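Residue 16 in UniProt numbering sits at position 16 of the sequence shown, with consecutive numbering throughout. By construction, the Cβ of each residue, glycine as well, lies at the ideal position given by its N, Cα and C atoms. Just so it is clear, the structure is predicted and the values come from calculations on it, not from any experiment.
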Amino acid sequence: MGKQPTDGQEAVPVDDRYIVPGLQRGLQALLAFTPEQRRMTLTELGQAVGVTRSAVFRIAYTLDQLGFLAYDPHTRTYALGPQVLRLGYGYLASRDLLEVARPQLEALRDRTGWSAHLGVLEGREVVYLARLPTRGSLSSVVQVGTRLPAHATSMGRVLLAALAPAALRDLFAGAPLEPHGARTPTTLPALLAQAELDRDAGFAAHVAGYEAGVASVAAPVRDVTGATVAAINISTVAFLTSEEELRGPLARDVMATAARISAALGARPA
Numbered sequence: 001m002g003k004q005p006t007d008g009q010e011a012v013p014v015d016d017r018y019i020v021p022g023l024q025r026g027l028q029a030l031l032a033f034t035p036e037q038r039r040m041t042l043t044e045l046g047q048a049v050g051v052t053r054s055a056v057f058r059i060a061y062t063l064d065q066l067g068f069l070a071y072d073p074h075t076r077t078y079a080l081g082p083q084v085l086r087l088g089y090g091y092l093a094s095r096d097l098l099e100v101a102r103p104q105l106e107a108l109r110d111r112t113g114w115s116a117h118l119g120v121l122e123g124r125e126v127v128y129l130a131r132l133p134t135r136g137s138l139s140s141v142v143q144v145g146t147r148l149p150a151h152a153t154s155m156g157r158v159l160l161a162a163l164a165p166a167a168l169r170d171l172f173a174g175a176p177l178e179p180h181g182a183r184t185p186t187t188l189p190a191l192l193a194q195a196e197l198d199r200d201a202g203f204a205a206h207v208a209g210y211e212a213g214v215a216s217v218a219a220p221v222r223d224v225t226g227a228t229v230a231a232i233n234i235s236t237v238a239f240l241t242s243e244e245e246l247r248g249p250l251a252r253d254v255m256a257t258a259a260r261i262s263a264a265l266g267a268r269p270a
């Protein structure tokens with residue numbers, strides 16, 4: 001039996017006397033629609049909810065008038081209406097990125113033994129929103145709020161890879177690309193080539209980028225529209241790993257974690 005809070009009081013067991021049957025059946029009608037059954041006749045909807053034809057007609061008519069169902073007179077079927085999407089967006093918008101990402105980052109850190117981070121792109125820099133270090137982590141230049149050049153960090157690279165080539169050119173037009181390690185791109189053509197490789201791979205991994213002696217691997221986080229809105233990564237001292245591990249099991253773990261965060265934000269599986 002579930003519990004519900006009452007006006008300023010502690011949660012108490014749910015009492016069925018307080019359930020509104022009409023509202024309950026209306027919500028059951030909305031939940032009856034699935035990706036496999038996107039349209040239903042009045043008879044099918046009544047069977048799904050378990051009510052009579054006259055009762056389901058009143059339910060469907062009310063939901064149609066409110067925009068939660070849409071009736072097609074040609075097929076005499078109902079489908080979910082635009083107001084359902086509005087509710088969904090409202091729920092997703094209420095889920096803070098940090099709130100969603102933190103437990104996943106904690107689990108990723110604990111599985112790998114590497115420090116985990118969350119960042120977003122602002123201009124030509126990646127801004128760190130979260131840092132979850134491991135016990136005994138070496139000192140790092142990275143803290144919450146730190147800004148680093150996007151082209152020289154793994155998170156920045158996957159965020160830049162999400163941009164269209166034209167947008168990437170505009171972003172870095174006339175801007176110097178400072179070298180940070182031997183593999184950091186220092187020209188616009190090299191940056192575009194790196195972004196294409198990262199885009200195709202679905203992740204970015206490097207050793208000794210912005211921080212010498214540090215290895216990291218990052219993956220993009222997407223929202224309900226499919227747009228890349230953030231990135232996550234893990235990092236550790238380079239001598240504790242290899243290129244094969246970095247681009248193999250570790251990259252897969254980071255991508256899977258990013259996919260779970262994306263799903264919690266409403267993104268569909270790629």
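Nearest-angstrom beta carbon gap, A60 and L69 [assumed within contact, 8 Å]: 6 Å
message: Can you tell me whether T62 is helix, strand or coil according to DSSP?
response: helix
field: Top-ranked residue by Cα proximity to P165, from R17, L191, S242
entry: L191
query: Going by the CB atoms, is the gap between R199 and S262 shorter than 7 Å?
result: no
query: Between the region 238-258 and the region 76-89, are three or more C-beta pairs nearer than 8 Å?
result: no
task: Please classify H151: does DSSP put it in a helix, a strand, or coil?
output: helix
- prompt: Where does G119 land, buried or exposed, given buried means 16+ other C-beta within 10 angstroms?
  reply: buried
query: Does the beta-carbon of R17 have 16 or more other beta-carbons within 10 angstroms, so that it is buried, or is it exposed?
result: exposed
query: Roughly how many angstroms lie between the CA atoms of A231 and V254, to the nearest whole one?
result: 10 Å
- prompt: Rounded to whole angstroms, how far is the Cβ of V214 from the Cβ of V237, which I believe are closer than 8 Å?
  reply: 6 Å
- request: Pull up the distance between the alpha-carbon of T34 and that of G46, whole angstroms please.
  value: 15 Å
task: Could you say which of S115, A167, A152, V127 lies nearest to L177 if we only look at CA atoms?
output: A152
- request: May I have the straight-line CA-CA distance separating D110 from E36, to the nearest angstrom?
  value: Roughly 38 Å separates the two Cα atoms.
task: Assign I234 to one of two classes, buried (16 or more other C-beta atoms within 10 Å of its C-beta) or exposed (fewer than that).
output: buried
query: Is it the case that the Cβ atoms of A32 and A55 are separated by a distance below 7 Å?
result: no
task: Find the nearest neighbour of D64 within the set G26, Q143, G50, judged by alpha-carbon distance.
output: G26
- prompt: Can you give the beta carbon distance from L105 to A150, rounded, assuming they're within the 8 Å contact cut?
  reply: About 20 Å; that fails the 8 Å criterion.
Under 7 Å between C-beta atoms of T257 and L108: yes
Coarse secondary structure for S54, derived from DSSP in three states: helix
- request: For R86, name the three-state secondary structure that DSSP assigns.
  value: helix
query: Which residue's Cα is closest to the Cα of P220: A101, Q24, D170?
result: Nearest in C-alpha terms to P220, of all of A101, Q24, D170, is A101.
query: Roughly how many angstroms lie between the CA atoms of P82 and V20, to the nearest whole one?
result: 24 Å
Nearest-angstrom beta carbon gap, A130 and L98 [assumed within contact, 8 Å]: Contact flag correct, Cβ pair sits at about 6 Å.
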